[in-house]
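The end of the sequence shown is residue 256 by full-length UniProt numbering, with every number in the run present.
Just so you know, even glycine gets a beta-carbon here, dropped at the ideal spot from N, CA and C.
In this text, all values refer to a predicted model and were calculated from it rather than measured experimentally.
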Amino acid sequence: MPSISSASSEAFELRGVSKRYGNIVALDEVSLRFPAGSNTALIGSSGSGKSTLLRVLLGLEWPDRGEIRVDGALLEQAQVLALRRRVGYVIQEGGLFPHLTVLGNLALLPHHLGWSRERIRQRAEELAALTHLPSGALERYPAELSGGQRQRVALMRGLMLDPDALLLDEPLGALDPIVRHELQDELRAIFDRLGKTVIVVTHDMAEAAWFADRLVLMRNGKVVQDGRLDDLCKRPADPFVTRFVEAQRTLRGVSA
Ligand code: ADP
Ligand code: MG
Numbered sequence: 001m002p003s004i005s006s007a008s009s010e011a012f013e014l015r016g017v018s019k020r021y022g023n024i025v026a027l028d029e030v031s032l033r034f035p036a037g038s039n040t041a042l043i044g045s046s047g048s049g050k051s052t053l054l055r056v057l058l059g060l061e062w063p064d065r066g067e068i069r070v071d072g073a074l075l076e077q078a079q080v081l082a083l084r085r086r087v088g089y090v091i092q093e094g095g096l097f098p099h100l101t102v103l104g105n106l107a108l109l110p111h112h113l114g115w116s117r118e119r120i121r122q123r124a125e126e127l128a129a130l131t132h133l134p135s136g137a138l139e140r141y142p143a144e145l146s147g148g149q150r151q152r153v154a155l156m157r158g159l160m161l162d163p164d165a166l167l168l169d170e171p172l173g174a175l176d177p178i179v180r181h182e183l184q185d186e187l188r189a190i191f192d193r194l195g196k197t198v199i200v201v202t203h204d205m206a207e208a209a210w211f212a213d214r215l216v217l218m219r220n221g222k223v224v225q226d227g228r229l230d231d232l233c234k235r236p237a238d239p240f241v242t243r244f245v246e247a248q249r250t251l252r253g254v255s256a
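Right, here's the structure in full:
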């Protein structure tokens, strides 16, 4: 299978995608393109459809209407397992198994793919260095780590197979401000260094602008605006954009 970054300039594309849950419209005719190697932040209030958007890109949910293209090709059920190996997915709180050590959590998928113990450990140690997790932490259980360390492990798990793309759903949402700030710095350095296609969901605009030049603001399952921070601040597409921007208290210094 070709790699996401080489075969097409669009790593991911949604064309007229709609998804309902009963009466709730989670995605409403969304069309977006995510070029290979680009960084995008998805922002919007709780319930605006951000997580659903990531989940349809991963084949964890299927749209009612419209299509998903990955690497230029229509996403079909038969490709979903292969897709999971090429796209790292990191969620808030990490979703780690509490009864497995950090290494055990990191090993699950590579072990299933037939990697040797040595290869798994070597990759885990590389990623511990990249994410600044103390390497002694590999033998600990999730409950023996701080929230920030658990989030580092979740990121490591997303990177184990060296995916072409990373989809992160509020990866720092559960952390206190200082740890969050520190991890924002480190995550951005990791994104810059690895050059992968990144889509990160957050409801914090300052964090969004820190991670990505392109911000996609969602509301009620629709894209309200797709642009740079400066566009959202100075050329709002809708009064809601201004309300969303003005509701943020921490933008000073980020827009410079
Ligand atoms: P966000 O991530 O922006 O907070 P979501 O994509 O999680 O928003 O949800 C969009 C809407 O769809 C919300 O109203 C949410 O309650 C609803 N929703 C999401 N997933 C489900 C589900 N599995 N079953 C029912 N409703 C859902
Ligand atoms: Mg969400």
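By the criterion of a C-beta distance shorter than 8 Å, Leu74 is surrounded in its chain by Glu67, Ile68, once the five residues flanking it on both sides are discounted.
If you ignore the 5 residues before and after Glu29, its C-beta comes within less than 6 Å of the C-beta of Gly16, Ser18, all in its own chain and listed in chain order.
For Leu167, the enclosing beta strand (DSSP E) begins and ends at 165-169. Distance from the Cα of Glu207 is smallest, within the candidate group His112, Leu175, Arg152, for Leu175. Bridge pairing for Ser18: Arg65 [DSSP]. When DSSP states are grouped into helix, strand and coil, Lys222 belongs to the strand group. The beta carbon of Ser51 sits closer than 6 Å to at least one heavy atom of the ligand MG. Under DSSP, Leu32 takes part in a beta bridge, and its partners are Leu14.
Contact between the segment 96-112 and the segment 130-145 is present, with at least three C-beta pairs closer than 8 Å. The straight-line gap separating the alpha-carbon atoms of Arg157 and Glu246 is approximately 36 Å. When rounded, the separation of the alpha-carbon atoms in Pro171 and Thr52 is 15 Å. Shortest gap from the CB of Tyr21 to any heavy atom of the ligand ADP: under 6 Å. By the neighbour-count criterion, in which 16 or more other beta carbons inside 10 Å mark a residue as buried, Tyr21 falls on the exposed side. Here Ala78 is exposed, its C-beta having fewer than 16 other C-beta atoms within 10 Å. Judged by their CB atoms, Ser38 and Leu14 are not nearer to each other than the 7 Å cut-off. Counting every other CB atom within 10 Å of its CB across the protein chains shown gives Gln184 a total of 16 or more, marking it as buried.
In the DSSP assignment, Gly47 falls outside any alpha helix (DSSP H) and carries neither an H nor an E.
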